[in-house]
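A quick write-up on the structure given underneath.
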Amino acid sequence: MIRGRLLAVNGKTVTPDDYVEDRAKRLVDREFNLSSSAAQPPHNQVVAGRWQPDEKGAISVEQGIADTLGLKLGDTLRFDIGGMQADSKITSLRKVDWSSMRANFFVIYPVQRLEDVPVTYMSAFRAPSRKGFDNELVRAFPNITNVDMTSTITQVQGVLDKVIRAVEFLFGFTLAAGVVVLFAAVTATREERAREFAIMRAVGASGALLRQVQRAELVGVGLLAGFLASMVASVVGWGLARYTFDFDWTASPWVPLFGALAGAVLALAAGWWGLREVLSRPVVETLRRAPE
């Protein structure tokens, strides 16, 4: 790891005042964590340009920070590294998975090492669950700074779990509200449905056919309600991921499918409860109740 401050882009000096976004201001106002590697990191995907090992005067930039700072392929960046200033050209853009818990960097020089610059070596590893391992490691290697990420990961996971529960609650609330509205609508139109079914039975329609029609209607409405509820929950989840937590959102095709099936089952149950006496009521009794 190499510490360096961004001084200029394409020969023009940059300052925090050149940017509007707060994140861009913070990035320009502090030192970058740079690195060098002749081989392309296996967990980094080059999305633009090319990675040429041992190419002098070249750098590879992470796509997210390039978008934040308005950088593109071919731009020349000047960094101050330990009092030494050097210009380098962006020859590739990389997509980095920051959740991988590996050593990732915004900017990488595609060379084995940079000469005459101060470096710090870092790595990430999964520590064994044995109690006291951290103390043993520090005693064996006193020059190592060990950072335990367990509490940080636990805290992040706790926040994500709360977000997941919030989205699940929104999905369930939307679905339940749809079922309540459906039940109210079915109850309000029960007598009208009873008259329609009585007339159909009077002209020869069988009770089995009418039950199939009723079930098909309820299942269709439930499928639509469940699908819309799951889509609303997915959109809210995407909005939270994109604008609140700033991480990639991976949509699951099983969510709308499960939502639609759950909606169909609940709608069928609600409709059956509201219309359970309609088909069993005698035709003559139903027609006598009808207003003239």
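In numbering that gives the first Met the number 0, the protein residues as written are 0 to 291. Ideal Cβ placement from N, Cα and C applies to all residues, glycine included.
inquiry  = For the segment 220-228 against the segment 171-185, do three or more pairs of beta-carbon atoms, one drawn from each stretch, fall closer than 8 Å, so that the two count as touching?
reply    = yes
request  = Could you check the C-alpha separation between R129 and D147 for me, to the nearest Å?
outcome  = 14 Å
inquiry  = Can you list, in chain order, the residues of its chain with a C-beta nearer than 6 Å to that of T75? Leave out the 5 residues immediately preceding and following it.
reply    = N9, D86 and K88
task = Thinking Q51 and K94 are a contact (beta carbons under 8 Å), I'd like their distance in whole angstroms, please.
result = That belief does not hold up - the Cβ atoms of Q51 and K94 are roughly 18 Å apart, past 8 Å.
query = In three-state DSSP terms, what is S99?
reply = helix
ask   = Quick one: Cα of R4 to Cα of E30, how far?
value = 4 Å
request  = Quick one: residues in its chain with C-beta nearer than 8 Å to the C-beta of R22, no 5 flanking neighbours on either side, listed in chain order?
outcome  = T67
L208 beta carbon less than 7 Å from that of A266 = no
key: Beta-ladder partner(s) of A57, from DSSP   = K88
ask   = Distance, Cα to Cα, T151 vs L159?
value = 12 Å
ask   = Nearest to R112 by CA position, among G236, N43, F182 and K55, is which residue?
value = K55
Cβ neighbours of A259 in the same chain (closer than 6 Å, five flanking residues each side left out) = L222, G225 and F226
ask   = Near E167, which residues of its chain fall below 8 Å by C-beta distance, leaving aside the five closest residues on each side in sequence?
value = A232
key: Cutoff 6 Å; reference Y18; Cβ partners in own chain excluding five residues on either side   = K24
inquiry  = Is W50 close to chain C? Criterion is C-beta to C-beta, closer than 7 Å.
reply    = Looking for chain C here will not work: only one protein chain is present.
inquiry  = Need the endpoints of the beta strand (DSSP E) that I1 sits in, please.
reply    = I1 to V8
ask   = Nearest-angstrom Cα distance between E191 and G262?
value = 24 Å
request  = Would you mind stating whether M0 and S34 have Cβ atoms separated by less than 7 Å?
outcome  = yes
message = For Q213, count the other beta carbons within 10 Å of its own beta carbon; 16 or more makes it buried, fewer makes it exposed. Which is it?
response = buried
query = Is it the case that the Cβ atoms of M121 and A102 are separated by a distance below 7 Å?
reply = yes
task = Determine the direct distance from the alpha carbon of G69 to that of R340, and round the result to whole angstroms.
result = Residue 340 cannot be examined here, being either before or after the span of the chain that is shown, 0 to 291.
Length of the line joining the Cα atoms of L92 and R49 = 8 Å
inquiry  = Taking 8 Å as the limit between beta carbons, can you name the residues of its chain near A38, skipping five residues before and five after?
reply    = P52
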